[in-house]
Structures are given as C-alpha cells and as structure tokens.
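Colleague:
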Amino acid sequence: MDALQTVSMAAGLAWASGFRIYLVLLVVGLLSHYGTITLPTSLQLLANPWVIAASGFMCFVEFFADKIPGIDTLWDTVHTFIRIPGGAALAAGIVGANSGDNAALTLAAAILGGTLASGSHFAKAGTRAMINTSPEPITNWTASFGEDAMVLGGLWAIFTHPVLFLSALAVFILVLIWLLPKLWRGIYKVTDGAKRMLSKVASPGTAP
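And the structure:
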C-alpha cells in the first residue's frame, strides 16, 4: 500500500466511522474476507466471519434506530464513546502497519483519526438534534438515507479514487469548521428554550 492509499484509507475510515461505525466495519470486513483489499495484520480480525456477522447485525439495528426521531439522538449520544475511539483505532492500525510500526506516527494517526471521527460524529449528532425539533419525520429520514449514501460513496472513493476522496474530505473539513459553531449555538438555544418552558410548567402560577 503506497503513501496516498494509506492516508486515504486511514483518514477515510476514521471519517466514515463518525457517521456509521458498523457499516464501515461490515464493508471493510467483507472486502478483506473476499480478497478485494488487504488489511494490516492488526485489523485482519475484521474479516473473521463472526466479526462480520456481529457488524452486520449492529448495522441492521443502526439502520432503523437512526431513522426514528428522538431514538437517533439517543443512539448518537451513546455512540460518542464508540465511533470516536473506533475511528482512532482504525486510523492507527492502518498507519502503524504501513510505517514499520513507528510509534510516533501510529499515535499521530490515532489522534488525527479520532479528531476526524469526532468532527463527523458531532456534525451528524448536532444536525439530527436540530432536525428533531421539527415534528415531521421526513426530514429525519432524508438526512439518515443521505448519510447512508454518503458513507457508502465515501468508502467506494477511498479504495478506488483516493485523490478524489481526499479532495472531498478537505472540503468537508472546511464546511465543518464553518458549521459546528452554528450547530452548537442552535442546539443551545433549543435546549435553553426547552428548559425555560419546563421550568414554567413545573412552577405553580401565583394566585391573583
């Protein structure tokens, strides 16, 4: 694996993990199992049939959980502690194996991979939290199916057109830098408004 492929695969799998960690594990495991790609020794466990089956089951559960307003936000909250470490571990495993197990490069890859996974995860979670303020489910479904398509398209580009993928990733990072502060301000306003409303409901009115 040359340097460009290594960077594309490490950055791409970390990025995609922030959206759909189980889909990433399933696709990479299947591609490795059938000999389409060669994984580093540290990641070859992903091609084990039992791991593929577990990834497939969780991917199935996530597909539906992600399309139910409210449940998707709870799912995202729990997976903060899964997607980010998972993205960091995938990036570290790929870079470490292709750098002669250079400890410094492996650690740097883990940090950058975790950062990419964090960015995509919080962009997804924040967007969904804002979307869920609307009572209709169509926007939620559209966003979810869009994320499915984006991750699958990204995985295809990672392995077939690394330059195209890295260019798209650079654009994503720029948009993310612009978007995240606005998302968090919007979420703060929504949660602050909800707290005020609950406080008024909880506090008994004063008698005239």
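Position 100 of the sequence shown, counted from 1, bears residue number 348 in our numbering, the numbering being contiguous throughout.
Ideal Cβ placement from N, Cα and C applies to all residues, glycine included.
(1) Grouping DSSP H, G and I as helix and E and B as strand, with all else coil, what is S303?
(2) Out of A373, L274 and F329, point me to the one whose CA is closest to L424's CA.
(3) For S256, collect the residues of the same chain with a Cβ closer than 7 Å to its Cβ; drop the 5 residues on either side in sequence, then sort them by chain order.
(4) What's the gap between the Cα of L431 and the Cα of S382?
(5) The alpha helix (DSSP H) that contains H327, what's its start and end?
(6) Rounded to a whole number of angstroms, what is the C-alpha to C-alpha distance between W192 and E384?
(7) Between the C-alpha atoms of T284 and A339, what's the straight-line distance to the nearest angstrom?
(8) Ignore the nearest five residues each way along the sequence and tell me which others in R495's own chain have a CB closer than 7 Å to its CB.
(9) Within its chain, find whatever has a CB closer than 8 Å to the CB of V299; leave out the 5 residues flanking it on each side and keep chain order.
(10) Tell me whether Y270 is buried or exposed, calling it buried when 16 or more other Cβ atoms sit within 10 Å of its Cβ.
(11) Would the region 352-367 count as touching the region 391-400 if we require 3 or more Cβ pairs under 8 Å?
(12) Buried or exposed: where does T325 fall if 16 or more other Cβ atoms within 10 Å of its Cβ makes it buried?
Modeller: From the atom records:
(1) DSSP places S303 in helix when its eight states are reduced to three.
(2) Of the candidates A373, L274 and F329, the residue whose Cα lies closest to the Cα of L424 is A373.
(3) Cβ neighbours of S256 beyond the five flanking positions: I406, P410, F413 and L414.
(4) Roughly 15 Å between the two C-alpha positions.
(5) That run of the alpha helix (DSSP H) goes I319 to A345.
(6) Any question about residue 192 goes unanswered here, given that the chain covers just 249 to 456.
(7) Using only the alpha carbons, I get a separation of about 19 Å.
(8) Within the shown structure, residues of the chain are numbered from 249 to 456, placing residue 495 beyond reach of any answer.
(9) Same-chain partners within the cutoff: L273, G277 and L293.
(10) So Y270 counts as buried.
(11) When Cβ pairs closer than 8 Å are counted between the two stretches, the region 352-367 is seen not to touch the region 391-400, the count staying below three.
(12) Around the C-beta of T325, fewer than 16 other C-beta atoms lie within 10 Å, and the residue is accordingly described as exposed.
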